[in-house]
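Working notes, beginning with the structure itself.
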Amino acid sequence: MPEEVKEERWARFMEKQAQVSAERLQKKVGQTVQVIVDQVNEENIIGRSWADAPEIDGEVIIKNEWDLSPGDIFEARITAADEYDLYGEPADSADDEAG
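Using our numbering, you'd call the opening residue of the sequence shown number -1 and step up by one each time.
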């Protein structure tokens, strides 16, 4: 099989996979999930839910405005999603703003 045919099929497959993943993750927006922190940098806290394997699945990304460290487990409210990652905030902060 010609290499260009392989590449075209792979690109179509990956495009469809991104669409399926985005649709699946959009269903989590508004939900609260338990997250374990994997890393913290100046801008973000990066973690994963119990269903996500490190280095394989997407991440849960939180703005670094809370005092969290690698290994911490907390409840996060999901506020947005893209093809592979979830974005959110600690669930307690959503309660604080609403109250």
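No residue lacks a Cβ here, since even glycine has one placed at the ideal position from N, Cα and C.
DSSP three-state assignment for residue i, whether helix, strand or coil
| i | result |
| --- | --- |
| V33 | strand |
| S19 | helix |
| A51 | coil |
| K4 | helix |
| K26 | coil |
| E40 | coil |
Residue nearest to residue i in terms of C-alpha spacing, selected from the options
| i | options | result |
| --- | --- | --- |
| G56 | E41, R75, W8, A16 | A16 |
| I34 | S19, D90, E73, E2 | E73 |
| Q37 | K61, T30, K26, I76 | K61 |
| V41 | I54, R22, A49, D65 | The identity of residue 41 in the sequence shown is Glu, whereas the question assumes Val. Among I54, R22, A49, D65, the Cα nearest to that of E41 belongs to D65. |
| N39 | A78, E1, P68 | P68 |
| P88 | I54, I44, A9 | I44 |
Distance, residue j Cα to residue i Cα
| i | j | result |
| --- | --- | --- |
| E95 | G28 | A caution first: E95 carries a pLDDT of 49, below 50, which makes its placement in the model unreliable, though a value can still be read off. For E95 and G28, the distance between alpha carbons rounds to 15 Å. |
| S19 | R46 | 16 Å |
| R7 | E63 | 42 Å |
| D80 | D50 | 15 Å |
| G86 | M(-1) | 44 Å |
| E21 | V3 | 27 Å |
| E1 | I54 | 26 Å |
Within 8 Å, strictly: CB atoms of residue i and residue j
| i | j | result |
| --- | --- | --- |
| D99 | I59 | Nothing about residue 99 can be reported from this structure: the residues present for the chain run from -1 to 97 only. |
| R26 | I76 | For the sequence presented, residue 26 should be read as Lys rather than Arg. Yes. |
| Q32 | W48 | yes |
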